[in-house]
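Residue numbering for the sequence shown is 480 to 691, as defined by my numbering.
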Amino acid sequence: MDAVRAAYDAVAPLYAEMFRDSIEGRPLDSALVTAFAEYVRAADAGPVADLGCGPGGVTARLASLGVTAFGVDASPAMVQLARERYPDLRFDEGSMHALDIADGTLGGVLAWYSIIHTPPEDLPAIFTEFARVLAPGGHLLLGFFATDDDSPHPAEPFDHKVSLAYRLSIDHVADLASEAGLTEIGRLRREPGENERFLQGRLLARKPTDKP
Ligand SMILES: C[S@@+](CC[C@H](N)C(=O)[O-])C[C@H]1O[C@@H](n2cnc3c(N)ncnc32)[C@H](O)[C@@H]1O
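As structure tokens, then:
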């Protein structure tokens, strides 16, 4: 975690310049984030935390879609940039490993390319943390680098430009969500687009309600 934080601190201004809004120009991703916002608004279960928000572009996109959203990031430099860029939105320093967020209070969790740096053995704990902070009826949307290779290792390390990262099979990510008690709504497997090297995976899931 320290290495990831230091790596993003070091590249924050450059990263922010390159990725003002990491879903801009990616119609399928944009549509998914819009659909996520629609689910969140309809469920009306609380605000959305954009975990690993980086410079805050997707947090701002959610806000523009009528969702109350705030960002959390482990990198102080990223949080500072996000605050400067979007002074009307809230951005906190924090780690997905131990969120300073009360149980069952969020209507949504977005983790857009932030689980990619989590060592595979820590992923179950991160998903448990997602499920803990979501309110019943709350939604989870994940974006990540994907691989079709599900064996023998569900996570493949690669030389990400900023910090060691992993490609994850979509089935594996869906299993992690399910093991944390979340129900899959849908998934997307997208071929790499412009300036992308790998397959892209997205998963949308929901925390069940007690209602029948
Ligand atoms: C590839 S960037 C994505 C940023 C943003 N979501 C976007 O799409 O532009 C990954 C971000 O996740 C943050 N991050 C990685 N692991 C984290 C963790 N365990 N807790 C909080 N933030 C984390 C990094 O500091 C970095 O800002």
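Glycine residues also receive a C-beta, built at the ideal position from the N, C-alpha and C atoms. Values in this document were obtained by computation on a predicted structure and should not be read as measured data.
Cβ contact annotation for alanine 556 (same chain, cutoff 6 Å, sequence separation greater than five): Asp488, Ala491, in chain order.
Between glycine 583 and aspartate 529, the alpha-carbon positions lie close to 16 Å from each other. Here arginine 505 carries a coil assignment [DSSP, helix/strand/coil]. At a threshold of 8 Å, aspartate 523 does not count as near ligand 1, since its beta carbon sits no closer than that to any of the ligand's heavy atoms. Around the CB of proline 633, 16 or more other CB atoms lie within 10 Å, so the residue is classed as buried.
Collapsing the DSSP output to three states places serine 543 in a helix. Only residues of its own chain outside the window of five on either side were considered, and among them Glu635, Arg646, Ser648 have a CB closer than 6 Å to the CB of threonine 626, listed in chain order. By the criterion of a C-beta distance shorter than 7 Å, glutamate 670 is surrounded in its chain by Leu678, once the five residues flanking it on both sides are discounted. Contact between the segment 566-573 and the segment 598-606 is absent: fewer than three C-beta pairs spanning the two stretches fall below 8 Å.
Of the candidates Phe637, Leu661, Thr688, the residue whose Cα lies closest to the Cα of arginine 676 is Phe637. Per DSSP, the unbroken beta strand (DSSP E) holding tyrosine 645 starts and ends at 644-647.
At a cut-off of 8 Å, the beta-carbon of threonine 607 does not count as near ligand 1: no heavy atom of the ligand is closer than that. By alpha-carbon distance to isoleucine 502, the top candidate from Glu496, Val512, Ala495, Tyr494 is Val512. When the Cα atoms are used, glycine 535 and glycine 587 turn out to be separated by approximately 16 Å. Counted as a single uninterrupted DSSP element, the stretch harbouring leucine 578 is not any beta strand (DSSP E), since DSSP gives it neither H nor E.
Residue burial is scored here from C-beta neighbours: arginine 484 has at least 16 other C-beta atoms within 10 angstroms and is therefore classed as buried. Here the C-alpha atom of alanine 542 lies approximately 6 Å from the C-alpha atom of alanine 548. At least 9 Å separates the beta-carbon of alanine 590 from that of alanine 659. Straight through space, the alpha carbons of glutamate 563 and leucine 493 are spaced by roughly 15 Å. In this structure, leucine 613 and isoleucine 594 do not form a Cβ contact; the two beta carbons are roughly 15 Å apart against a cut-off of 8 Å.
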